[in-house]
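J.: Have a look at the structure that comes next, please.
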Amino acid sequence: MSIMRYLYSRLADQVLEKLADMKMVKIPTFVDNYSFIKFMGIAERAKSGKPLSEPLGSTLNFRDFQDLMFVPNMFPLPDGTPLDKKLIIGKKANKPMELPVPFMIAGMAYGASVSKRVKLALAKASTVVGTAINSGESGFLAEEREIAKLYVVQYNRAGWGNEPEQLKQADMIEIKMGQGASAGDGFRISHEIIDDEFRKHIELEEGQDAVMPARFPDINNEKELKNKVSELRELTGGVPIAVKIAAGNIESDIDKLLYAGVDAIVLDGAQGETAGSPEITINNFGIPSLYALVRAVEHLEKKGARDSVSLIMAGGFRDSADMLKAIALGADAFYIGYPVDLAAAYTQLNRLPPGSSPADLYLYDGKHTDLFDIKEGADCAGNFLKALAEEMDIALRCLGKDSIHKLSKEDLVCMTQEMAQITGVKLAYPIHKIES
């Protein structure tokens, strides 16, 4: 059974059960200007009396990269031509991080997002292509560091896993100011679902909730951010220092980051996903990744920082085509998260009892995380990453390019006038004047 059919069947079972219990005379429809998702959101708020929270990202259909097409070269590269997919993050750092591929595994935190089993499986998967994995908001995890070839430690607002000796073992530090799904909001994990192992990891007392504050206590302006960047750079001996932000006031935010002296900017579009965020921020905050990318690249070029600061995009990138098109528009690297989760869990979904959600297998608070097999998950996720890399090779050969660094807007055409206006890429068709 395909994963989409599986998910649909699970959802249908739950929906029919809910509707049977509600005994409604009439269910709102699209004719009434109520989508199914809106309807279920109203029902959930009515039931709980709390703000609606959702796993994953936005339920809206944003403009994405499907309206862009690559232009095949009449003279593709011969088979066996060496292809360059390498990328250096932090070109001016004392210890730059070199990636063999332009994508990394996103920061899905142990405890705050996925189970430890999944976290370790993803670390193993990252080594298949030699890329980096991000610790996520629960910070440094010793077992993950032992497995991963390249390790990014997220410097988070709660200070979890951010001890000096832990940060010194990172290949890059990422200061997390915000993200696509939750904007800049904090969160709380009830002590009732925190087990002893995770409690010890983030150094909580028994019965204490895990609280991620909305902002850093010592970063309140660009000057204090600059001081933090310098502090972390000195502490780590000069690994790249990145800052992650939700795509919002892109130009002014980039100005602040350039003032702070960052080596990389992680720009999380409105499609950014989490294990659970308020619906109000998921669907109503942020700039979609495509728009954010175009604006960021133009502003970095205007500031003369395009070659010195790496632009890492996140939020909604699910396959090699999207990433290569974004590289042609000016992106340097990418974080991919949920697709890697799905790849790791796909072959194991049939172990779940009927009526279970797929998230029960891989999220920390899932009901059946014990059914997840680390090796099988690592093999499948590793296969997924390997396939992405090989697909990039195919595309480069068809484009007649031996390096991702040679991709440009000239390799693309737009299918719509709107996309041409957004990106500055030429249209795939001429515009004819219609005679009256």
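Residue 19 is where the sequence shown starts when you use the working numbering, and the numbers rise one by one after that.
Glycine included, each C-beta is placed from N, C-alpha and C at the ideal position.
Since this is a predicted model, take the numbers as computed values, not measurements.
Roughly how many angstroms separate the alpha carbons of glycine 456 and arginine 81, rounded to a whole number?
T.: There is simply no residue 456 to check, as the chain begins at 19 and stops at 454 in what is shown.
J.: 8 Å is my cut-off, CB to CB: does glutamate 249 come that close to chain D?
T.: Going by chain labels, chain D is absent from the structure shown, which holds only one protein chain.
J.: Can you list, in chain order, the residues of its chain whose CB lies under 8 Å from that of lysine 44, leaving out five sequence neighbours each side?
T.: As a working note, residue 44 is residue 26 in the sequence shown. Residue placement at lysine 44 is poorly supported in this model, since its pLDDT is 44, which falls under 50; the coordinates are not used for a value here.
J.: Taking Cβ positions, are alanine 127 and alanine 396 nearer each other than 8 Å?
T.: The residue given as residue 127 occupies position 109 in the sequence shown. The residue given as residue 396 occupies position 378 in the sequence shown. Not in contact: alanine 127 and alanine 396 (Cβ atoms no closer than 8 Å).
J.: Considering only residues of the same chain and omitting the five flanking positions on each side of isoleucine 452, which have a CB-CB separation below 8 Å?
T.: In the sequence shown, counting from the first residue as 1, residue 452 sits at position 434. Answer for isoleucine 452: no residue qualifies.
J.: So, at 8 Å on beta carbons, what are the nonlocal neighbours of glutamate 269 in its own chain, with the 5 sequence-adjacent residues on each side left out?
T.: Translated into the one-based positions of the sequence shown, residue 269 becomes position 251. Arg313, His317, listed in sequence order.
J.: Can the beta-carbon of proline 100 be found less than 8 Å from the beta-carbon of glycine 418?
T.: The count along the sequence shown starts at 1 and reaches residue 100 at position 82. The count along the sequence shown starts at 1 and reaches residue 418 at position 400. Their beta carbons are not under 8 Å apart, which means proline 100 does not touch glycine 418 by this criterion.
J.: How about the region 59-68 and the region 374-392: do they share at least three Cβ pairs that are nearer than 8 Å?
T.: no
J.: For methionine 190, does the three-state DSSP call read helix, strand or coil?
T.: Here residue 190 is taken as the residue at index 172 of the sequence shown, counted from 1. The answer is strand: DSSP assigns methionine 190 an E or B state.
J.: Less than 8 Å between the CB atoms is what I'm expecting for serine 328 and isoleucine 107, so what's the real figure, rounded?
T.: Residue 328 sits at position 310 when you count from the first residue of the sequence shown. Residue 107 sits at position 89 when you count from the first residue of the sequence shown. Right, their Cβ atoms sit about 5 Å apart.
J.: Going by CA-CA distance only, name the one from Gly196, Glu215, Glu240 that's closest to isoleucine 14.
T.: The requested residue 14 does not occur in the structure, where the chain is confined to residues 19 to 454.
J.: With a cut-off of 8 Å on the beta carbons, I'd call glutamate 155 and lysine 194 a contact; round off their distance for me.
T.: Translated into positions along the sequence shown, residue 155 becomes position 137. Translated into positions along the sequence shown, residue 194 becomes position 176. Rounded, the Cβ-Cβ distance is 7 Å, consistent with contact.
J.: Check whether the Cβ atoms of valine 171 and alanine 188 sit closer than 8 Å, and answer yes or no.
T.: Position 153 of the sequence shown holds residue 171. Position 170 of the sequence shown holds residue 188. Taking 8 Å as the Cβ cut-off, valine 171 and alanine 188 qualify as a contacting pair.
J.: Rounded to a whole number of angstroms, what is the C-alpha to C-alpha distance between lysine 134 and methionine 331?
T.: Looking up residue 134 in the sequence shown gives position 116. Looking up residue 331 in the sequence shown gives position 313. Computed Cα separation, rounded: 26 Å.
J.: Between leucine 91 and the rest of its own chain, which residues show a CB-CB distance below 6 Å, the 5 nearest in sequence each way excluded?
T.: Here residue 91 refers to the residue found at position 73 of the sequence shown. With the sequence shown as reference, residue 91 is identified as asparagine, and leucine is not the correct amino acid for it. For asparagine 91, same chain residues with a beta-carbon under 6 Å away, outside a window of 5 residues either side, are Leu417, Gly418 in chain order.
J.: Give me the Cβ distance between aspartate 429 and proline 120, rounded to the nearest whole Å; I'm assuming they're in contact under 8 Å.
T.: In the sequence shown, counting from the first residue as 1, residue 429 sits at position 411. In the sequence shown, counting from the first residue as 1, residue 120 sits at position 102. Contact flag wrong, Cβ pair sits at about 15 Å.
J.: Under 8 Å between the Cβ atoms of leucine 243 and alanine 278?
T.: Walking along the sequence shown from the start, residue 243 turns up at place 225. Walking along the sequence shown from the start, residue 278 turns up at place 260. Cβ atoms of leucine 243 and alanine 278: closer than 8 Å.
J.: Measuring alpha carbon to alpha carbon, tell me which of Ile123, Ala339, Asp203 ends up nearest glycine 148.
T.: On the sequence shown, position 130 is the one that residue 148 refers to. The shortest Cα separation from glycine 148 among Ile123, Ala339, Asp203 belongs to Ile123.
J.: Are the beta-carbon atoms of valine 257 and lysine 113 separated by less than 8 Å?
T.: Start at 1 with the first residue of the sequence shown, and residue 257 comes out as number 239. Start at 1 with the first residue of the sequence shown, and residue 113 comes out as number 95. Yes, the Cβ-Cβ distance between valine 257 and lysine 113 is below 8 Å.
J.: Kindly indicate the opening and closing residues of the beta strand (DSSP E) around valine 170.
T.: Translated into positions along the sequence shown, residue 170 becomes position 152. Unbroken beta strand (DSSP E) run through valine 170: 168-173.
J.: Mind listing, in chain order, the continuous alpha helix (DSSP H) runs of no fewer than 4 residues lying wholly within the region 79-148?
T.: Runs found: 134-147.
J.: Check whether the Cβ atoms of valine 358 and phenylalanine 390 sit closer than 8 Å, and answer yes or no.
T.: Taking the first residue of the sequence shown as 1, we reach residue 358 at position 340. Taking the first residue of the sequence shown as 1, we reach residue 390 at position 372. No, the pair does not count as a contact, with Cβ atoms beyond the cut-off.
J.: Just to confirm, are glycine 333 and glycine 290 a CB contact at a threshold of 8 Å?
T.: Along the sequence shown, read from residue 1 onward, the residue named residue 333 stands at position 315. Along the sequence shown, read from residue 1 onward, the residue named residue 290 stands at position 272. Taking 8 Å as the Cβ cut-off, glycine 333 and glycine 290 qualify as a contacting pair.
J.: I need the straight-line Cα distance from arginine 175 to glutamate 249, nearest angstrom please.
T.: Translated into the one-based positions of the sequence shown, residue 175 becomes position 157. Translated into the one-based positions of the sequence shown, residue 249 becomes position 231. Near 16 Å, if we compare the C-alpha coordinates of glutamate 249 and arginine 175.
J.: Applying the 10 Å Cβ sphere with the 16-neighbour rule, what's the burial state of lysine 109?
T.: As a position in the sequence shown, residue 109 is number 91, starting the count at 1. By the 10 Å Cβ count, lysine 109 comes out exposed.
J.: Relative to the alpha-carbon of alanine 407, which residue among Leu342, Lys444, Leu311 has its alpha-carbon at the smallest distance?
T.: Locating residue 407 in the sequence shown gives position 389, counting from the first residue. Closest by alpha carbon: Leu342.
J.: If you draw a straight line from the C-alpha of valine 136 to the C-alpha of serine 144, how long is it?
T.: The residue you call residue 136 lines up with position 118 of the sequence shown. The residue you call residue 144 lines up with position 126 of the sequence shown. C-alpha of valine 136 to C-alpha of serine 144: approximately 12 Å in a straight line.
J.: Measure the C-alpha to C-alpha separation of arginine 336 and lysine 246 and round it to an integer number of angstroms.
T.: For this step, residue 336 is matched to residue 318 along the sequence shown. For this step, residue 246 is matched to residue 228 along the sequence shown. Spanning the two alpha carbons is a distance of roughly 32 Å.
J.: Look at the Cβ atom of methionine 87, then the Cβ atom of valine 315, and state whether they are nearer than 8 Å.
T.: Taking the sequence shown and counting its residues from 1, the one referred to as residue 87 is at position 69. Taking the sequence shown and counting its residues from 1, the one referred to as residue 315 is at position 297. Remark: C-beta atoms of methionine 87 and valine 315 do not approach each other more closely than 8 Å.
J.: What does the alpha-carbon distance come out to for the pair phenylalanine 234 and proline 448?
T.: As a working note, residue 234 is residue 216 in the sequence shown. As a working note, residue 448 is residue 430 in the sequence shown. Those two C-alpha atoms are separated by around 52 Å.
J.: Run through the DSSP bridge pairs and tell me what aspartate 286 is partnered with.
T.: Position 268 of the sequence shown, counting from 1, holds the residue named residue 286. Residue pairing by DSSP puts aspartate 286 in a beta bridge opposite Ala264, Ala332.
J.: Apart from the five residues on each side of it in sequence, which residues of its chain come closer than 8 Å, Cβ to Cβ, to proline 182?
T.: On the sequence shown, residue 182 is found 164 positions in, with the first residue counted as 1. If we look at proline 182 and ignore the five residues flanking it on each side, its Cβ neighbours are Leu253.
J.: For the alpha helix (DSSP H) containing tyrosine 380, list its first residue and its last residue.
T.: Here residue 380 corresponds to residue number 362 of the sequence shown, with the count starting at 1. Here the alpha helix (DSSP H) through tyrosine 380 covers 377-380.
J.: Using the DSSP secondary-structure output, state which residues sit across from arginine 63 in a beta bridge.
T.: By 1-based counting over the sequence shown, the position of residue 63 is 45. DSSP output for arginine 63 lists no bridge partner at all.
J.: Return yes when at least one heavy atom of the ligand FMN lies under 7 Å from the C-beta of tyrosine 364, else no.
T.: Looking for the ligand FMN in the displayed structure turns up nothing, as the structure carries no ligands at all.
J.: Is alanine 201 near glycine 304, with beta carbons less than 8 Å apart?
T.: If you number the sequence shown from 1, residue 201 lands on position 183. If you number the sequence shown from 1, residue 304 lands on position 286. The answer is yes: Cβ separation under 8 Å.
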